[in-house]
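Colleague:
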């Protein structure tokens, strides 16, 4: 059924208006004027319920989102497996008078999971002239004042070697040492060593490297060399605090993980094999990431679950469903059974108790309580499977999971037309479109969906781009994060999602994260950018945050008499606060008369949050706050008040009758 776009009206009966906003224009009393658009809100009843999960996060290993991003590890290629021939990101350090060589070595591996070591052969060195190796990190090592770094590595030496290993964080030229420590008593057997390096008062910089040196001749083998700064909640093997804070500030209801293409892998062998990501990180083999670099798997299944817990978000678990990006697939039937069992085991790890095999493993790994889990997605973007096998594969997963966990809702990774043999609880739709397209389709995209007997909708990936599509080569010349133009499209799209919350139960922007250094990203636009030292949110980040932090639990029917504006209205049933969202994508200010029939007055303090900027404006490492929302408070609104939206703006009004 095709519905017309909802329109919003606010009829507020009181005496006088006196509201002036810093960014938005003043709210003024005007006589009846048919040329002024009207926003009418029916506050007599709600038309849909908004779940706490409506706004969430989608993540995958792309753009160095994990390694070189959210994951706290500072050293790149810590296990020497990024290249089979050379120790990428490692270099030889020789002071004057010292002589040494380095090479990859596969003899006497430390473990089956970590089969490669870095061999350092020193033929000449002394206390004043050491030799060793240096790691350049992920575009540098971030040095901050009065910060404690934890180093860990495995090492062995040739028989009779009696020297120590000096660890240091130093400038790229080696002339400035920011922190150092020493480890003694290497033996001819593999052993683990840890050390703490502490900086004093320094000017923050990322033009630094991590160095291990020895002061006498001999041979030393290194494996799994790791360096961590302080992490979020001080979790071992934890996450970068500033990035986590940016995510927490969005108040996400869920986290979809471990990712899209990252879940599938280029091949079946390169999928996210969750069992290999459990246990100590030094015992995880890692695997190739489909976006052109190797994943350490330091972000394993348990780390994802802690990530959810630390944000106060639910896990939305995606399980591998037998299809990979190169077209490989597993035919439904006996061949698929082991993969179905892998999914059942994974779910058991997340929610099983001590009497289950994998629940007991989770408890052993340090988390006694089951994690909350309500949704499981079967695969990722299986509409790209040209074999047509998804219906059979989905049915096999569906039947097995529902038989053991009937309380779980299952998400098909494609439209319902691809799974005719079973009815999914939810279907996953992805939409990457231009900002202009999202503005255009937002009034009626979801309104026309059949409701009765149809699955709910999860918009599992979406984003507005300005003009050049992410898959076009020209997009690589653009900044990694979007401009205000894209944010306007994002906001318009979200008004449509909110109005249709009876159908759309969850949604998340993608990609979430991007390392902005040259070579750090493979896709754009991305919501949050960062380098080794700095994190910034794009205008799209702030648009999403304005929506995710400001909404009620019920949708109010509303009408708006201006076809150029976009809007949605929600109400908090507990507090009565009505939240109005208005998007003006036009180059001129727009006045809107606000009316709520039947509401006599509003509380004296209205909160207005406004994001307004030129469409080309954006944020970046050097200008992280160029485009940010402005929040103001103002007196009570009266009947017939007209609110002026700035040009190119997103506005959130919070009002309480």
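Numbering (the working numbering), first residue to last: 1 to 657. From the three backbone atoms N, C-alpha and C, an ideal C-beta is built for every residue, glycine too.
1. Going by C-alpha distance, which of 262, 366, 375 is nearest residue 313?
2. Mapping DSSP to helix, strand and coil, what is residue 62?
3. Can you list, in chain order, the residues of its chain whose CB lies under 6 Å from that of residue 362, leaving out five sequence neighbours each side?
4. Decide if the segment 282-290 is in contact with the segment 581-589; the criterion is three or more beta carbon pairs, one per stretch, under 8 Å apart.
5. Check whether the segment 41-56 and the segment 547-565 touch, using three or more Cβ-Cβ pairs below 8 Å as the test.
6. Kindly indicate which residue of 72, 271, 321, 480 has the alpha-carbon position closest to the one of residue 385.
7. For residue 135, does the three-state DSSP call read helix, strand or coil?
8. Could you give the distance in angstroms between the alpha-carbon of residue 617 and the alpha-carbon of residue 631?
9. Classify residue 240: buried if its beta carbon has 16 or more other beta carbons within 10 angstroms, exposed otherwise.
10. Start and end of the alpha helix (DSSP H) containing residue 659?
11. Buried or exposed, going by whether 16 or more other CB atoms sit within 10 Å of the CB of residue 203?
12. For the segment 118-130 and the segment 211-225, state whether three or more C-beta atom pairs, one from each stretch, are separated by less than 8 Å.
13. Could you name the residues of the same chain whose beta carbon sits closer than 6 Å to that of residue 591, not counting the 5 residues immediately before and after it, in chain order?
14. How long is the line joining the alpha carbons of residue 115 and residue 179, rounded to whole angstroms?
15. Should residue 704 and residue 404 be called a contact, given that it needs their Cβ atoms to be closer than 8 Å?
16. Curious, which full-length beta strand (DSSP E) runs of at least 3 residues does the segment 90-125 contain?
17. Which same chain residues end up closer than 7 Å to residue 572 when comparing Cβ atoms and leaving out the 5 residues on each side of it in sequence?
18. Residue 93 and residue 159 - do their beta-carbons sit closer together than 8 Å?
19. Between which two residues does the beta strand (DSSP E) harbouring residue 261 extend?
20. Terminal residues of the continuous alpha helix (DSSP H) containing residue 242?
21. Please report how far the alpha carbon of residue 157 lies from the alpha carbon of residue 269, in whole angstroms.
22. Could you tell me which of 397, 517, 162, 247 sits nearest to residue 345, measuring between CA atoms?
23. Compute the distance between the beta-carbons of residue 427 and residue 457, then report whether it is under 8 Å.
24. DSSP has residue 315 in a bridge; who is on the other side?
25. State the start and end residues of the unbroken alpha helix (DSSP H) segment that holds residue 494.
26. Just to check my reading of the structure: residue 59 and residue 243 have Cβ atoms closer than 8 Å, yes? What is that Cβ distance to the nearest angstrom?
27. In whole angstroms, give me the CA-to-CA distance for residue 305 and residue 371.
28. Is the CB-CB distance between residue 380 and residue 234 below 8 Å?
29. So what's residue 478 in DSSP terms, helix, strand or just coil?
30. Mind listing, in chain order, the continuous alpha helix (DSSP H) runs of no fewer than 4 residues lying wholly within the segment 330-416?
31. What does the alpha-carbon distance come out to for the pair residue 102 and residue 212?
32. For the alpha helix (DSSP H) that residue 545 lies in, which residues bound it at each end?
33. Would you tell me roughly how many angstroms separate the C-alpha atoms of residue 560 and residue 550, rounded to the nearest one?
34. Compute the Euclidean distance between the alpha carbons of residue 653 and residue 272, then round it to the nearest angstrom.
35. Classify residue 476: buried if its beta carbon has 16 or more other beta carbons within 10 angstroms, exposed otherwise.
36. CA-CA distance, residue 129 and residue 161?
Modeller: On the basis of the supplied data:
1. On the chain shown, residue 313 is found 313 positions in, with the first residue counted as 1. When only C-alpha atoms are compared, the closest one is 375.
2. Residue numbering aside, residue 62 sits at position 62 when the chain shown is read from its first letter. Coil, per DSSP.
3. Here residue 362 refers to the residue found at position 362 when the chain shown is read from its first residue. Same-chain partners within the cutoff: 349.
4. no
5. yes
6. On the chain shown, residue 385 is found 385 positions in, with the first residue counted as 1. Here the closest residue by C-alpha is 321.
7. As a working note, residue 135 is residue 135 in the chain shown. Strand at residue 135.
8. As a first step, residue 617 must be located in the chain shown, where it is residue number 617. As a first step, residue 631 must be located in the chain shown, where it is residue number 631. If you take the alpha carbons of residue 617 and residue 631, they lie about 19 Å apart.
9. The count along the chain shown starts at 1 and reaches residue 240 at position 240. When all chains shown are included, residue 240 counts as buried.
10. The question about residue 659 has no answer here: the residues shown for the chain are numbered 1 through 657.
11. Counted from its first residue, the chain shown places residue 203 at position 203. With fewer than 16 Cβ atoms within 10 Å of its Cβ, residue 203 is classed as exposed.
12. yes
13. Here the question's residue 591 lines up with position 591 in the chain shown. Counting only Cβ-Cβ distances below 6 Å, and skipping sequence neighbours, we find 36, 642, 644.
14. The sequence position of residue 115 within the chain shown is 115, counting from 1. The sequence position of residue 179 within the chain shown is 179, counting from 1. Each residue's alpha carbon lies about 30 Å from the other.
15. No statement about residue 704 is possible, as the shown extent of the chain runs from 1 to 657 and does not include it.
16. 90-94, 99-105, 117-124
17. As a first step, residue 572 must be located in the chain shown, where it is residue number 572. For residue 572, where only same-chain residues beyond five positions count, the Cβ hits under 7 Å are 552, 553.
18. By one-based count along the chain shown, residue 159 stands at place 159. By one-based count along the chain shown, residue 93 stands at place 93. Result no, Cβ atoms of residue 159 and residue 93 do not sit closer than 8 Å.
19. Position 261 of the chain shown, counted from the first residue, corresponds to residue 261. Careful: residue 261 lies outside any beta strand (DSSP E), inside the alpha helix (DSSP H) at 261-264.
20. Position 242 of the chain shown, counting from 1, holds the residue named residue 242. It spans 241-248 - the alpha helix (DSSP H) in which residue 242 sits, taken as one unbroken run.
21. Counting from 1 along the chain shown, the entry for residue 157 is found at position 157. Counting from 1 along the chain shown, the entry for residue 269 is found at position 269. Straight-line Cα distance between these residues: approximately 35 Å.
22. Walking along the chain shown from the start, residue 345 turns up at place 345. The residue with the shortest Cα to Cα distance from residue 345 is 397.
23. Reading the chain shown from its first residue, position 427 is the one you call residue 427. Reading the chain shown from its first residue, position 457 is the one you call residue 457. It is a contact, given that the beta carbons lie within the stated cut-off.
24. Here residue 315 refers to the residue found at position 315 when the chain shown is read from its first residue. Looking at the DSSP assignment, residue 315 forms a beta bridge with 255.
25. On the chain shown, residue 494 is found 494 positions in, with the first residue counted as 1. Its alpha helix (DSSP H) spans residues 484-499.
26. To locate residue 59, count along the chain shown from 1; it is residue 59. To locate residue 243, count along the chain shown from 1; it is residue 243. About 11 Å; that fails the 8 Å criterion.
27. For the purposes of this step, residue 305 is taken as residue 305 along the chain shown, with counting starting at 1. For the purposes of this step, residue 371 is taken as residue 371 along the chain shown, with counting starting at 1. One C-alpha to the other measures close to 7 Å.
28. Numbered from its first residue, the chain shown carries residue 380 at position 380. Numbered from its first residue, the chain shown carries residue 234 at position 234. Against a cut-off of 8 Å, the Cβ pair of residue 234 and residue 380 comes out as no contact.
29. Taking the chain shown and counting its residues from 1, one reaches residue 478 at position 478. Three-state DSSP puts residue 478 in coil, outside helix and strand.
30. 337-351, 357-364, 390-404
31. What you label residue 102 is simply residue 102 of the chain shown in a count that begins at 1. What you label residue 212 is simply residue 212 of the chain shown in a count that begins at 1. Those two C-alpha atoms are separated by around 12 Å.
32. Taking the chain shown and counting its residues from 1, the one referred to as residue 545 is at position 545. Start and end: 539-548.
33. Your numbering for residue 560 matches position 560 in the chain shown. Your numbering for residue 550 matches position 550 in the chain shown. The alpha-carbon atoms of residue 560 and residue 550 are separated by roughly 20 Å.
34. If you number the chain shown from 1, residue 653 lands on position 653. If you number the chain shown from 1, residue 272 lands on position 272. Going from the Cα of residue 653 to the Cα of residue 272 covers about 43 Å.
35. The residue you call residue 476 lines up with position 476 of the chain shown. Its Cβ having fewer than 16 others within 10 Å, residue 476 is exposed.
36. Here the question's residue 129 lines up with position 129 in the chain shown. Here the question's residue 161 lines up with position 161 in the chain shown. Taking the straight line joining both Cα atoms gives about 17 Å.
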